[in-house]
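A.B. asks: One structure is given below, represented as structure tokens, and several questions about it will come after.
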Amino acid sequence: MSQNTFKTKDLREHIEVLETKIKHLTNELNLTRQEYESLSKEYYEIFSRMEAKVDERTQELRRAQKKLELKSDELRKDKAALQKSEQRFKALFDNSPDAVVVEDLHGTIIDVNPAACKLYKRSPKEIIGKNTIEFVPHEYKEKAKERLGFRVQDEGYCQGDILTSDNMVIPVEVVMRRIHYMDKQALLLHLRDISERKKTEQAYKAAMEEAKSANRAKSEFLASMSHEIRTPMNGVIGMTGLLLSTDLTEEQREYVETIRMSSESLLTIINDILDFSKIESGKMELEEQPFRLRQCIEEVLELVSIGLKKKDVDILYQIEPEVPSIIVGDVTRLRQILVNLNGNAVKFTEKGEIVTRVKVQKEVNGELTLHFSVRDTGIGIPKKHLKNLFSAFSQVDSSSNRRYGGTGLGLAICKRLVGLMGGDIWVESEPGKGSEFHFTITTRAGHLKEGSATPSNLADLRGITVLVVDDNATNRRILTEQCSRWGMNPYAVASGREAIQWLEKQMKFDVAILDMQMPEMDGMQLARQIRQMEGYKKLPLILLSSIGLEVQVQSKNHLFNHYLNKPVKQSLLFNTLRDVLREVQKPQQKNDKILDNALAQKYPLRILVAEDNNINQKLMLRLLSKLGYQADIAANGLEVLQALERQTYDLIFMDIQMPEMDGVEATKEINRLYDEAERPRIIALTANAIQGDREKFLASGMDDYISKPIQGSEIQQVIKKWFDKVPQV
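Position 29 of the sequence shown, counting from 1, maps to 28 under numbering that gives the first Met the number 0, and the rest follow consecutively.
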């Protein structure tokens, strides 16, 4: 029993142990199941993600495959297009009428078309593989290498020459472009034979040169004819001038004046033709000398104002302050332009004003462009005639030629002279209202020693109150500006009535400038009223007039202190104001145009006249006799030398064109034979004084020259110039 008890006890213990183990195993099994379930879930998630990735990648691969398929289609199409393009290029290449050459970037020829072979007169085998320069004539190879710098360019154009197989040189034009050829960079050259074009160009150049030569010959002929005509015209004008200085009846004087005026008109026409011919033949050169611009303009206006004696026209000028007083250029040719433009304005204007203005258009590095304008209130020009106005022998219409005269060359000469001066010329005009001509010149500021004509003592006028009475607004403005620049206090009114009103207000004036021609009350009437007003009976009065010398006689009475002719020179106005205010009578300047018949007593000279023309001989002898001289005559240069062997002379008037020995040769021979101190002064007499003559005469040893027609005043001036400082025995 005790044994059974033991066994039961052991079994129970054993069962408990088993139960414990089972329980333990069960716990472990539960734990493993949980881990499994967790791992299984994790594996599932990874698989799901991998499956999504695979699907995404699969879609990408499918899209890439589709793109490849499309690209493949495009490549097939491009290949087909390329083949078609190559076929078309080949067709064009082979059938082009121009020679076509393909070369690499080093100049080696890769391919040529049949036209190129025909041009080179070689087979493809003779051309392909060689350098382009090998087909250039030897004498042009270096030049061709420089010209064919297109190897580093994308495209270009040039002309050159090629050498054919039979050694013919063919001129060609080449157009080149960079291309891809057989998977390489290359140059495509189009060559065209231009032999016929070159022949045409040469023929054209020859024709142009022939035309220019013919034009030069025509111009030289006209110049020569003009010179030949000027010589007898000199005699006509000179003799009529002498005749006018004699006692004539009124009828005779009228006839002689008509001869003189007709002769001078003819001489003007001849001068126009001569100038135009010189310009056309290219023989017109411009001087580069400093000159006073204001003096140039004043001389022009003084000259042309003679034509305004019977017209109610004021002729004025205005120079802006920024314009240099002295400029560098050809004063003679500038004066010629201004005379022409102002002369036309005088011719076509019956009433109103003519105004010349100058201003600076631009300045760059000291180089000035001056803008000139000449405005008138004349008949104007129809628009349809403006375009041809500056053409040679052009006039507005034939009726103007009949009424006003002229050659139609004046404006053409102006245009060419302005062009030589680096400028341009144009016109604005309206029929019935007037015209305004504009032109520009290129110049620079210059320097000259100031002369007596330049205002030198502005202190004399500073603070002076001046009354300006003029109905012309432009003239009032110009006079006011001039007086203001001198430090004066100007008061300007438009009528005598306004002037009286100012004076009645007891306005204090130091001097008054009165215009002669004014409506309602002219300058004379105004002066009479002023002289009757208390406090103004001794007011200095200066009269301005456009009428002419007949007013000068009237103005010398007690009404006026001084008289000035319009257009008024600035320097003369300044000096007049200064002298009137100083209450000193302005010393009358000697008029060089009045011949001094006692000149020979002041300058006792032995004079020889070298002139082959009988009329001009008589004229020179007569002019010299009026100065008190008895001169000898020589008909050519040889006779001059013979005369000098017989006796000495102080002065020789030497004609340029003479038979056997001309004036230039004679002068050179005199300078060779005589020392500078012993030789006579030599003055050239020329009917053809143009730019370059002065230099030529001086280079030959002459001292000065006088242009024909010769005036007694010019002879007088040249004698004073060369012998004023020479001690006379």
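Note that CB positions come from ideal geometry on N, CA and C, so glycine has one too.
(1) Between residue 711 and residue 604, which are expected to be in contact by the criterion C-beta below 8 Å, what is the C-beta distance as a whole number of angstroms?
(2) Roughly how many whole angstroms lie between the Cα atoms of residue 596 and residue 247?
(3) Restricting to Cα atoms, I'd like to know which of 463, 361, 197 is closest to residue 171.
(4) List the whole-angstrom C-beta distance separating residue 126 from residue 108, where the pair is believed to meet the contact cut-off of C-beta under 8 Å.
(5) Tell me the rounded alpha-carbon separation between residue 590 and residue 207.
(6) Is the separation between the beta-carbon of residue 173 and that of residue 188 shorter than 8 Å?
(7) The beta strand (DSSP E) that contains residue 180, what's its start and end?
(8) Run the CB neighbour count on residue 588, radius 10 Å, all protein chains shown included, and call it buried at 16 or more, exposed below.
(9) In whole angstroms, give me the CA-to-CA distance for residue 390 and residue 412.
(10) Give me, in chain order, the residues of the same chain whose beta-carbon lies closer than 7 Å to that of residue 53; leave out the 5 immediate sequence neighbours on both sides.
(11) Three-state secondary structure (DSSP) at residue 322?
(12) In three-state DSSP terms, what is residue 43?
(13) Checking 8 Å against the spacing of the C-beta atoms, do residue 598 and residue 631 come in under that value?
(14) Provide the residue span of the alpha helix (DSSP H) that contains residue 331, from first to last.
(15) Identify, in the order they occur along the chain, each residue of the same chain with its Cβ nearer than 8 Å to the Cβ of residue 479, setting aside the five sequence neighbours on each side.
(16) DSSP state of residue 397, grouped into three classes?
(17) Using a Cβ distance threshold of 8 Å, determine whether the stretch 335-354 contacts the stretch 503-520, with at least three qualifying pairs required.
(18) Between residue 135 and chain C, is there a C-beta pair that is closer than 8 Å?
(19) Tell me whether the beta-carbon of residue 499 lies closer than 8 Å to the beta-carbon of residue 528.
(20) Exposed or buried, residue 216, counting other C-beta atoms within 10 Å across all chains shown (16 or more means buried)?
(21) Could you tell me how far apart the beta carbons of residue 304 and residue 566 are, in whole angstroms, since I believe they sit closer than 8 Å?
(22) Just the Cα atoms here: how many angstroms apart are residue 441 and residue 568?
(23) With the cut-off set at 8 Å, would you say residue 619 and residue 635 are in Cβ contact?
(24) Using the three-state DSSP reduction, which class does residue 554 fall into: helix, strand or coil?
(25) Would DSSP call residue 416 helix, strand or coil?
(26) Buried or exposed for residue 423, going by 16 or more other Cβ atoms inside 10 Å?
(27) I'd like the list of long-range same chain contacts for residue 134, defined as Cβ closer than 7 Å, with 5 residues on each side in sequence excluded.
(28) Is the stretch 282-297 touching the stretch 324-342 in the sense that three or more CB pairs, one from each, lie closer than 8 Å?
(29) Buried or exposed: which applies to residue 377, given that a residue is buried once 16 or more other Cβ atoms fall within 10 Å of its Cβ?
(30) Taking all protein chains shown into account, decide if residue 470 is buried (16 or more other Cβ within 10 angstroms of its Cβ) or exposed.
(31) Hey, quick one: how far does the alpha helix (DSSP H) through residue 104 stretch, first residue to last?
(32) Report the residue from 339, 341, 667, 431 whose alpha carbon sits nearest the alpha carbon of residue 381.
(33) Rounded to whole angstroms, what is the Cα-Cα separation between residue 778 and residue 195?
(34) On the DSSP bridge list, what partners appear for residue 489?
(35) Residue range of the alpha helix (DSSP H) that residue 615 falls in?
(36) When the Cα of residue 97 is compared with those of 418, 20, 192, 676, which residue comes out closest?
C.D. replies: Checking against the coordinates, here is how it stands:
(1) Residue numbering aside, residue 711 sits at position 712 when the sequence shown is read from its first letter. Residue numbering aside, residue 604 sits at position 605 when the sequence shown is read from its first letter. Actually they are not in contact, since the Cβ atoms of residue 711 and residue 604 sit about 15 Å apart, beyond 8 Å.
(2) By 1-based counting over the sequence shown, the position of residue 596 is 597. By 1-based counting over the sequence shown, the position of residue 247 is 248. Near 21 Å, if we compare the C-alpha coordinates of residue 247 and residue 596.
(3) Looking up residue 171 in the sequence shown gives position 172. It is 197 whose Cα lies nearest to the Cα of residue 171.
(4) The residue given as residue 126 occupies position 127 in the sequence shown. The residue given as residue 108 occupies position 109 in the sequence shown. About 6 Å separates the two Cβ atoms, so the contact holds.
(5) Locating residue 590 in the sequence shown gives position 591, where the first residue counts as 1. Locating residue 207 in the sequence shown gives position 208, where the first residue counts as 1. Reliability of the predicted coordinates at residue 590 is poor, the pLDDT of 45 falling under 50, and no value is obtained from them.
(6) The residue labelled residue 173 in the question sits at position 174 within the sequence shown. The residue labelled residue 188 in the question sits at position 189 within the sequence shown. The criterion of a C-beta distance shorter than 8 Å is satisfied by residue 173 and residue 188.
(7) As a first step, residue 180 must be located in the sequence shown, where it is residue number 181. Start and end: 168-180.
(8) Here residue 588 is taken as the residue at index 589 of the sequence shown, counted from 1. Low confidence applies here, because residue 588 scores a pLDDT of 40, under 50, leaving its location unreliable and the question unanswered by this model.
(9) Sequence index remark: in the sequence shown, residue 390 carries index 391 (1-based). Sequence index remark: in the sequence shown, residue 412 carries index 413 (1-based). When rounded, the distance between both Cα atoms is 9 Å.
(10) Reading the sequence shown from its first residue, position 54 is the one you call residue 53. The beta carbon of residue 53 lies closer than 7 Å to none in the same chain, with the five residues before and after it left out.
(11) Translated into the one-based positions of the sequence shown, residue 322 becomes position 323. Three-state DSSP puts residue 322 in coil, outside helix and strand.
(12) Against the sequence shown, residue 43 aligns to sequence position 44. It is helical.
(13) Within the sequence shown, numbered from 1, the residue matching residue 598 stands at position 599. Within the sequence shown, numbered from 1, the residue matching residue 631 stands at position 632. Contact flag unset, no.
(14) Position 332 of the sequence shown holds residue 331. Start and end: 330-347.
(15) Position 480 of the sequence shown, counted from the start, is the residue given in the question as residue 479. Excluding sequence neighbours, residue 479 sits near 467, 489, 491.
(16) As a working note, residue 397 is residue 398 in the sequence shown. Bear in mind that the predicted position of residue 397 carries a pLDDT of just 47, short of 50, making it too unreliable to give a figure here.
(17) no
(18) The chain inventory of the structure shown lacks chain C, comprising one protein chain alone.
(19) Within the sequence shown, the letter at position 500 stands for residue 499. Within the sequence shown, the letter at position 529 stands for residue 528. With respect to residue 528, residue 499 sits close: the two C-beta atoms are nearer than 8 Å.
(20) On the sequence shown, position 217 is the one that residue 216 refers to. Classification of residue 216: exposed, given that the 10 Å Cβ count is below 16.
(21) For the purposes of this step, residue 304 is identified with residue 305 of the sequence shown, where counting begins at 1. For the purposes of this step, residue 566 is identified with residue 567 of the sequence shown, where counting begins at 1. 6 Å between Cβ atoms; contact.
(22) In the sequence shown, counting from the first residue as 1, residue 441 sits at position 442. In the sequence shown, counting from the first residue as 1, residue 568 sits at position 569. Those two C-alpha atoms are separated by around 25 Å.
(23) Numbered from its first residue, the sequence shown carries residue 619 at position 620. Numbered from its first residue, the sequence shown carries residue 635 at position 636. No, these two residues do not count as a Cβ contact at 8 Å.
(24) By one-based count along the sequence shown, residue 554 stands at place 555. For residue 554, the predicted model reports a pLDDT of 46, less than 50, meaning its position is unreliable and no value from the coordinates is stated.
(25) Your numbering for residue 416 matches position 417 in the sequence shown. Helix.
(26) Here residue 423 refers to the residue found at position 424 when the sequence shown is read from its first residue. By the neighbour-count rule (16 or more Cβ atoms within 10 Å), residue 423 is not buried but exposed.
(27) Residue mapping note: residue 134 aligns to position 135 of the sequence shown, counting from 1. Contacts found: 119, 161, 162.
(28) yes
(29) Counting from one through the sequence shown, the residue named residue 377 turns up at place 378. Buried is the call here.
(30) If you number the sequence shown from 1, residue 470 lands on position 471. That one is buried.
(31) Counted from its first residue, the sequence shown places residue 104 at position 105. It is not in any alpha helix (DSSP H) - residue 104 carries neither H nor E in the DSSP assignment.
(32) As a working note, residue 381 is residue 382 in the sequence shown. Of the residues 339, 341, 667, 431, the one whose Cα lies closest to the Cα of residue 381 is 431.
(33) Because residue 778 is not part of the residues shown, which for the chain are 0 to 728, the question remains open.
(34) The residue given as residue 489 occupies position 490 in the sequence shown. The partner list for residue 489 (beta bridge, DSSP) reads 465.
(35) Working through the sequence shown from its first residue, we reach residue 615 at position 616. Its alpha helix (DSSP H) spans residues 613-625.
(36) The count along the sequence shown starts at 1 and reaches residue 97 at position 98. The candidate whose alpha carbon is nearest that of residue 97 is 192.
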